[in-house]
Amino acid sequence: MAQRSYNPIMAVALLIFLTWSVAITALAAQDDQKSEMYETINERQQTSWETAKQIWNWAEPGYQETKSSALLIKTLRSQGFDIESGVAGMPTAFTATFGEGKPVIGMLGEYDALPGLSQQATPQRAKPEHNSNGYGHGCGHHLLGVASMEGAIAIAQQIKAGKLQGTIRYYGCPAEEGGSAKVFMVNAGLFKDCDAVLHWHPSSRNSAGDRSTLARNAVKFRLHGKAAHAAGAPEQGRSALDAVELTNFASQLLREHTPDGTRIHHVITFGGGAPNVVPEFAEVYYYIRHPKSDVVRELYKRLVKCAEAGALATETKLEINFQGGILEILPNNILAQVTMKNLRQLNDLEYDDDNVKFAIRIQQSIDNQVPLSSIKEVVDTSGTVGMGSTDVGDVSWVVPTTGFNTACFTPGVPGHSWQAVASGGADAAGKGLNLASRVIAATAWDLYRSPEILAAAKSELQQRLGSQPYNSLMVPGQKPPLDYRKPPVK
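Each residue of the sequence shown is one higher than the one before, starting from 1 at the first, in my numbering.
See below:
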């Protein structure tokens with residue numbers, strides 16, 4: 001009989017699994033000790049919903065969230081947190097810390113809105129004049145930042161009462177939608193002392209698991225040509241818009257020759273002012289994504305060639321404004337299972353009559369009809385790759401990280417839509433916020449009380465990393481693109 005060879009990787013994996021199994025069983029005995037923490041969150045439920053609604057109304061874009069970040073800072077400071085603002089060279093980024101010593105558990109908060117999604121909290125499409133800037137919270141970040149904050153406050157009170165030992169740190173993270181703020185926070189060393197980081201995201205369903213995401217590069221191609229009368233002297237003009245259109249056509253052809261899972265999309269942010277003027281300036285904004293960051297690096301080079309070709313063919317000048325890149329999430333199954341346990345145990349979402357009426361009317365405007373009862377379910381997303389991207393990915397490469405979703409939007413509603421904005425401003429979203437606060441606090445509690453889980457999570461991170469170190473998609477010395485949401489300047 002052939003003798004089996006010893007596999008050290010499998011041995012480590014088995015040890016991690018056994019450690020996790022014993023720890024999860026032990027956690028069940030602690031659940032009844034969390035009731036006071038939940039009471040803290042529930043007592044603040046109306047206050048937290050009012051805070052979220054205020055941020056929803058402001059709907060500030062990435063790196064311009066001055067009022068939203070200031071409100072969160074004010075709340076956390078009133079609860080005894082030490083604030084460090086303007087971190088990593090970003091005016092609206094901050095950290096809020098309570099407690100001392102190990103372990104250090106981080107919670108991520110976001111608060112930026114999306115362009116073109118101004119919308120009232122009504123189940124029908126409203127005129128875009130709801131706010132002055134045209135932005136809307138189509139990804140629920142007004143809920144995200146507040147729920148994480150409430151979880152951090154609840155943990156801080158338990159530390160103050162002597163029931164938990166260690167440090168809780170809230171990370172105020174601006175510009176998640178394309179601004180890659182967390183990458184600059186990672187590169188500034190703001191997570192170097194963390195033992196674990198927790199995050200969550202609003203959704204139209206409840207889910208948890210060791211799910212990954214797409215890595216992403218963002219770039220603005222700015223083309224400079226020569227203006228001329230489009231009818232009287234077209235031969236004297238060199239159209240920057242033509243260069244953009246050729247770039248876009250070349251990128252469409254590129255799609256056929258990319259690996260499975262690739263996503264390439266763009267918007268023309270400026271294409272000229274009048275048909276009878278040859279545009280001397282035009283700009284197109286691109287995202288390019290794939291489940292593996294190394295593939296994104298190579299695809300980006302090919303996308304740049306598309307822009308170079310457009311400039312060459314039109315005799316225009318190409319300016320490349322690289323906005324930055326984010327890595328895919330490196331999952332952590334040890335932490336994900338703790339979160340899954342808490343989400344399943346705490347999910348008590350239920351619609352009242354008004355919530356049902358609102359949801360039914362919203363669903364009349366979408367194609368994906370999902371039963372409203374799905375808010376009572378929890379989906380296991382383990383082993384899957386989400387088709388979105390997030391700068392949480394970079395955090396997950398340097399510290400064990402896990403996240404989850406709660407149902408804040410009407411079931412079936414897609415993110416980044418007016419329906420998501422409307423759902424996020426309706427009362428049912430406050431219930432999803434409250435659930436998220438309790439789940440993130442419960443998960444942190446478990447980690448403070450179970451150092452063996454933190455140790456196993458760190459071992460899993462090292463196993464997943466293997467010999468490949470963290471390697472940001474940013475170019476060396478890159479600064480945060482603080483003006484990426486502002487109108488293009490020629």
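Glycine included, C-beta positions come from ideal geometry on N, C-alpha and C.
Quick one: residues in its chain with C-beta nearer than 8 angstroms to the C-beta of Gly101, no 5 flanking neighbours on either side, listed in chain order?
Counting only Cβ-Cβ distances below 8 angstroms, and skipping sequence neighbours, we find Gln165, Gly166, Thr167.
Near Val146, what residues of its chain come up, given a Cβ to Cβ distance below 6 angstroms and the 5 sequence neighbours on each side ignored?
The beta carbon of Val146 sits closer than 6 angstroms to the beta carbons of Ser48, Thr51, Ala52 from its chain, once the five residues preceding and following it are set aside; these are given in chain order.
How would you call Ser472, buried or exposed, if buried means at least 16 neighbouring beta carbons within 10 angstroms?
In the assembly as shown, Ser472 is a buried residue. Its beta-carbon has 16 or more other beta-carbons within 10 Å.
For Ala11, count the other beta carbons within 10 Å of its own beta carbon; 16 or more makes it buried, fewer makes it exposed. Which is it?
Bear in mind that a pLDDT of 47 at Ala11, under 50, signals an unreliable position, so the number given afterwards is only what the model happens to contain. Per the 10 Å Cβ criterion, exposed.
In angstroms with no decimal places, state the Cα-to-Cα distance between Ala228 and Ala240.
CA-CA distance, Ala228 to Ala240, rounds to 12 angstroms.
Just to confirm the assignment, what range does the alpha helix (DSSP H) spanning Ala233 have?
DSSP places Ala233 in no alpha helix (DSSP H); its state is neither H nor E.
On the DSSP bridge list, what partners appear for Phe270?
DSSP, once it has assigned bridges, lists Glu283 as partnering Phe270.
In this structure, how does DSSP classify Glu60 when only helix, strand and coil are distinguished?
The answer is coil: DSSP assigns Glu60 none of H, G, I, E or B.
May I have the straight-line CA-CA distance separating Gln462 from Gln252, to the nearest angstrom?
Pairing Gln462 with Gln252, the inter-Cα distance amounts to about 39 angstroms.
Tell me which residue opens and which closes the beta strand (DSSP E) that Trp200 is part of.
First-last of the beta strand (DSSP E) with Trp200: 196-203.
Arg289 (DSSP reduced to helix, strand or coil)
Here DSSP, grouped into helix, strand and coil, assigns Arg289 to strand.
Three-state secondary structure (DSSP) at Gly109?
Here Gly109 sits in strand by DSSP.
Contact between the region 400-412 and the region 333-351: three or more CB pairs below 8 angstroms?
Inter-segment contact for the region 400-412 and the region 333-351 is present: three or more beta-carbon pairs are separated by less than 8 angstroms.
Please report the straight-line C-alpha distance between Ile264 and Arg205, rounded to a whole angstrom.
If you draw a straight line from the Cα of Ile264 to the Cα of Arg205, it is about 26 angstroms long.
For the putative contact between Ile366 and Gly412, defined by C-beta atoms under 8 angstroms, what is the C-beta separation to the nearest angstrom?
At roughly 6 angstroms, the Cβ-Cβ gap stays under 8 angstroms, so Ile366 and Gly412 are in contact.
Please state if the CB of Cys173 and the CB of Gly109 are separated by a distance shorter than 8 angstroms.
By the CB criterion at 8 angstroms, Gly109 and Cys173 fall inside the cutoff.
Following a CB-centred definition, is Asp195 positioned closer than 7 angstroms to any heavy atom of the ligand COA?
The ligand content of the structure shown is nil, which means the ligand COA is not present either.
Kindly indicate which three-state DSSP category Asp446 falls into: helix, strand or coil?
If DSSP states are grouped into helix, strand and coil, Asp446 belongs with the helices.
Please return the same chain residues whose Cβ sits closer than 6 angstroms to the Cβ of Ser69, not counting the five positions on each side in sequence.
Sequence-distant Cβ neighbours of Ser69 in its own chain, meaning closer than 6 angstroms and more than five residues away, are Thr92, Gly172.
Meets three-Cβ-pair contact criterion under 8 angstroms: the region 136-144 and the region 414-421
By the criterion of at least three beta-carbon pairs nearer than 8 angstroms, the region 136-144 is in contact with the region 414-421.
Which one of Val296, Val284, Ala428 has the shortest CA to CA distance from Leu318?
Comparing Cα-Cα distances from Leu318 to each of Val296, Val284, Ala428, the minimum goes to Val284.
Phe404 - partner residues in DSSP beta bridges:
For Phe404, the pairing in a beta bridge is given by DSSP as Trp200, Ala208.
Count the other CB atoms, across all protein chains shown, that sit within 10 Å of the CB of Lys34; report buried if there are 16 or more and exposed otherwise.
Buried: at least 16 other Cβ atoms inside 10 Å.
With distances taken Cα to Cα, identify the nearest neighbour of Thr269 among Pro488, Glu298, Pro476.
A check of alpha carbon separations from Thr269 across Pro488, Glu298, Pro476 identifies Pro488 as the nearest.
Does the region 287-305 touch the region 347-367, meaning 3 or more C-beta pairs lie closer than 8 angstroms?
Counting Cβ pairs under 8 angstroms, fewer than three are found: no touch.
If you drop the 5 nearest sequence neighbours on each side, which residues of the same chain put their C-beta closer than 7 angstroms to that of Glu84?
Same-chain partners within the cutoff: Phe94, Thr95.
When the distance is taken between beta carbons, is Val278 closer than 8 angstroms to Ala309?
No, they are not a contact pair.
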